[in-house]
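Last residue of the sequence shown? That's 668 in the working numbering, and every number before it is there in order. Beta carbons are placed, not taken as given, at the ideal position from N, Cα and C, and that holds for glycine. Encoded as structure tokens, the structure appears first; notes follow it.
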Amino acid sequence: MKKFIASPIVIIIILVNLLLPDASLGEPRDQMVDLMCGNQPPTNSTISVGNFVLTMENISVQMRTSGFGVAVTGSGPNINYGLAQCYGDLSLLDCFLCYAYARSILPRCDPVNSGRVYLDGCFMRAENYSFYQEYTGPYDRTICGNRTQKNSAFQVSARKAVAQAVSAAPNNNGYARDQVPVSGTANESAYVLANCWRTLSASSCSACLQNASASILGCLPRSEGRALNTGCFVRYSDINFLNPMPGNGIPRGTITVVVVAAVSSVGVLVIGAVIGVYIWKHRTIQKKRKGSSDAEKLAKTLHHNSLNFKYSTLEKATSSFDEANKLGQGGYGAVYKGVLRDGREIAVKRLYFNNKHRAADFYNEVNIISSVEHKNLVRLLGCSCSGPESLLVYEFLPNKSLDSFIFDPIKGKSLNWEKRFEIIIGTTEGLRAKIADFGLARSFPEGKSHISTAIAGTLGYMAPEYLANGQLTEKVDVYSFGVLLLEIVTARQNNNSRAFENSDSLATLVWKHFQQRTVDELFDPNIILHNCHNFDVKNEILRVVHVGLLCTQEIPSLRPSMSRALQMLVKKEEHLPAPTNPPFMNEMTMELNNVPENPSSHSIASISHSIFYPR
Numbered sequence: 054m055k056k057f058i059a060s061p062i063v064i065i066i067i068l069v070n071l072l073l074p075d076a077s078l079g080e081p082r083d084q085m086v087d088l089m090c091g092n093q094p095p096t097n098s099t100i101s102v103g104n105f106v107l108t109m110e111n112i113s114v115q116m117r118t119s120g121f122g123v124a125v126t127g128s129g130p131n132i133n134y135g136l137a138q139c140y141g142d143l144s145l146l147d148c149f150l151c152y153a154y155a156r157s158i159l160p161r162c163d164p165v166n167s168g169r170v171y172l173d174g175c176f177m178r179a180e181n182y183s184f185y186q187e188y189t190g191p192y193d194r195t196i197c198g199n200r201t202q203k204n205s206a207f208q209v210s211a212r213k214a215v216a217q218a219v220s221a222a223p224n225n226n227g228y229a230r231d232q233v234p235v236s237g238t239a240n241e242s243a244y245v246l247a248n249c250w251r252t253l254s255a256s257s258c259s260a261c262l263q264n265a266s267a268s269i270l271g272c273l274p275r276s277e278g279r280a281l282n283t284g285c286f287v288r289y290s291d292i293n294f295l296n297p298m299p300g301n302g303i304p305r306g307t308i309t310v311v312v313v314a315a316v317s318s319v320g321v322l323v324i325g326a327v328i329g330v331y332i333w334k335h336r337t338i339q340k341k342r343k344g345s346s347d348a349e350k351l352a353k354t355l356h357h358n359s360l361n362f363k364y365s366t367l368e369k370a371t372s373s374f375d376e377a378n379k380l381g382q383g384g385y386g387a388v389y390k391g392v393l394r395d396g397r398e399i400a401v402k403r404l405y406f407n408n409k410h411r412a413a414d415f416y417n418e419v420n421i422i423s424s425v426e427h428k429n430l431v432r433l434l435g436c437s438c439s440g441p442e443s444l445l446v447y448e449f450l451p452n453k454s455l456d457s458f459i460f461d462p463i464k465g466k467s468l469n470w471e472k473r474f475e476i477i478i479g480t481t482e483g484l485r486a487k488i489a490d491f492g493l494a495r496s497f498p499e500g501k502s503h504i505s506t507a508i509a510g511t512l513g514y515m516a517p518e519y520l521a522n523g524q525l526t527e528k529v530d531v532y533s534f535g536v537l538l539l540e541i542v543t544a545r546q547n548n549n550s551r552a553f554e555n556s557d558s559l560a561t562l563v564w565k566h567f568q569q570r571t572v573d574e575l576f577d578p579n580i581i582l583h584n585c586h587n588f589d590v591k592n593e594i595l596r597v598v599h600v601g602l603l604c605t606q607e608i609p610s611l612r613p614s615m616s617r618a619l620q621m622l623v624k625k626e627e628h629l630p631a632p633t634n635p636p637f638m639n640e641m642t643m644e645l646n647n648v649p650e651n652p653s654s655h656s657i658a659s660i661s662h663s664i665f666y667p668r
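This is the structure in structure tokens:
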């Protein structure tokens with residue numbers, strides 16, 4: 054190893070870095086507050102999406118160094134203006150974490166090319182016009198908390214804290230925070246944050262904050278409120294959500310004196326400690342570089358094998374992602390039908406977020422899943438990472454999706470019970486193969502039974518533990534399978550809970566009828582049409598319902614494995630345990646208070662409604 058010589062200047066710099074409080078100990082506050090989408094679709098979605106991706110790439114560079122970024126990409130009707138900013142109490146590390154999550158949320162506005170997303174720690178907006186000087190608009194709104202109602206003393210403190218922060222922010226780079234103790238209490242305070250976007254002038258910032266404060270004080274006597282305005286963000290709370298200031302209020306001059314004294318007194322021992330820290334940091338960096346190198350090797354390997362598709366090839370195959378070829382829309386992108394030059398039909402999933410930051414995971418997933426072959430699983434043919442966005446390529450299924458039959462009272466007549474049961478068994482075998490036979494547990498970290506991940510999926514089919522904590526296990530698939538069984542039997546769509554009694558979810562509705570022994574009242578009439586006197590068929594349908602309820606139990610450990618579910622379905626003489634209750638949830642419990650009636654402005658908690666078209 055090369056000899057390391059530490060100069061006094063280097064020692065002082067490293068000591069200052071070590072002795073100053075660690076800014077990364079803060080909280081990125083990446084909880085989403087609201088997503089608001091525009092209502093103007095782009096003239097050319099391919100160009101528009103490409104411009105959006107490039108805009109976000111340019112903003113990313115700025116966010117790493119300043120916590121703020123603006124960028125403009127393209128020209129004409131497909132031009133993209135972008136802005137992102139973190140609130141003033143976030144460190145650069147926490148800021149970038151918040152920004153990365155916001156960037157994954159905003160593409161959900163597709164196919165609309167404009168929108169804004171508010172998180173508790175940062176803000177992001179994209180439009181096809183310059184909005185940088187706007188500070189008020191029709192999307193301004195206030196969200197009030199729903200916890201406790203506070204007494205008059207807290208209200209006085211909250212009003213004072215809001216007024217002080219709103220007054221100070223315009224002359225402090227658009228940011229201010231305040232804390233006012235509540236009189237008559239030992240340790241209770243009102244905490245406030247006020248932040249304008251840096252593109253605004255001081256006068257525009259002041260006007261925005263004045264409007265926001267007038268709105269947010271309307272939340273009192275509730276313990277918390279947020280004002281989401283076009284040009285600013287204001288929040289008050291009885292909980293200290295603010296990150297600590299650098300040095301916890303200790304003047305930097307005092308810290309410098311302490312550092313210099315430490316340097317002069319510790320001497321040789323400090324040099325040894327510094328060398329140790331240097332070596333440790335050097336090795337950490339080398340490990341990170343090695344990880345990056347591994348990702349590059351994976352990418353290079355993929356580039357030279359059959360899994361790789363050129364972006365231009367897929368663009369031509371889908372006629373530049375023409376809307377006429379669109380098969381479906383989900384939370385993280387759309388799926389298009391394509392035809393390759395050799396005549397093969399394919400389905401291309403267009404991911405509207407950049408996977409470069411998790412390249413190793415992405416390539417590993419492609420390599421593992423592409424090796425899975427089963428008669429009841431859609432095959433992944435490959436991917437493309439060479440263009441402005443990442444694409445996944447699947448085999449194309451010419452038949453229409455199942456929901457277009459079972460939820461249609463006319464088409465549903467063509468699906469008798471024999472065909473439906475055949476679909477159920479095929480689905481069970483496919484899921485069992487995906488989870489067990491092909492060893493996809495290899496993608497789980499060693500010693501862990503679940504993966505915590507950003508939530509992505511269709512509302513109504515996701516298990517409660519996945520919605521609440523992002524915990525991904527095989528029992529999440531089991532829950533979704535259980536919902537599918539109930540839908541096939543009842544011809545009722547689970548994510549349309551308003552069609553049910555008292556807005557119950559489908560699993561809850563079926564479970565209540567199961568307890569009352571009236572499940573047959575929920576059977577799809579098209580099933581009973583040709584089997585009204587066939588008791589064997591009726592018992593088989595009841596058994597499928599029973600298994601569906603076992604798969605949708607609230608406690609994951611009580612749900613059967615897919616292999617066990619398959620046995621329950623085919624071994625009709627086997628006794629089934631009584632199902633416990635499903636999660637008593639419906640869509641309304643997931644919505645924030647004060648959701649506006651404007652359909653283009655809505656709140657979602659990292660979940661999506663997927664829309665599927667015929668294939």
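For E180, the pairing in a beta bridge is given by DSSP as Y134. Boundaries cannot be given for T633, as no alpha helix (DSSP H) includes it and DSSP labels it neither H nor E. For Q232, no alpha helix (DSSP H) encloses it; the enclosing beta strand (DSSP E) starts and ends at 228-234. For I269, the enclosing alpha helix (DSSP H) stretches over residues 255-269. As computed with DSSP, C175 is found in a beta bridge with C139.
Y447: member of the beta strand (DSSP E) spanning 443-448, first to last residue. Taking a contact to require three or more Cβ pairs closer than 8 Å, the stretch 596-614 and the stretch 534-543 qualify as touching. Burial check for G479: the Cβ neighbour count within 10 Å stays below 16, so the residue is exposed. Of all alpha-carbon atoms in D173, S236, E593, P94, the one lying nearest the alpha-carbon of P160 is that of P94.
Annotation: the continuous beta strand (DSSP E) that includes T126 extends over 121-126. Taking C-beta atoms under 8 Å as the contact rule, Y188 and C261 qualify, at a distance of about 4 Å. Rounded to whole angstroms, the Cβ separation of A387 and D577 is 30 Å, and the two are not in contact under 8 Å. In the three-state scheme derived from DSSP, where H, G and I count as helix and E and B as strand, S167 is classed as coil.
For F362, the three-state secondary structure derived from DSSP is coil. For S236, same chain residues with a beta-carbon under 8 Å away, outside a window of 5 residues either side, are A206, V209, S210 in chain order. Contact between T195 and C285 is absent: CB atoms are separated by about 12 Å, not below the 8 Å threshold. For Q546, the three-state secondary structure derived from DSSP is coil. Around the beta carbon of T571, a 10 Å sphere encloses fewer than 16 other beta carbons of the protein chains shown; the residue is thus reported as exposed. The DSSP-derived three-state label of N248 is strand. Remark: C-beta atoms of K203 and D147 do not approach each other more closely than 8 Å. Annotated as proximal: L143 and C151, with beta-carbon spacing under 8 Å. Of the candidates R394, E471, S616, R397, E471 places its Cα closest to the Cα of D589. Cβ contact annotation for L136 (same chain, cutoff 6 Å, sequence separation greater than five): V123, R178, in chain order. Just measuring C-alpha positions, the residue of N225, P234, N226, Y289 sitting nearest V245 is Y289.
For R288, the enclosing beta strand (DSSP E) starts and ends at 285-290.
Among the bridge pairs identified by DSSP, M85 is matched with L172.
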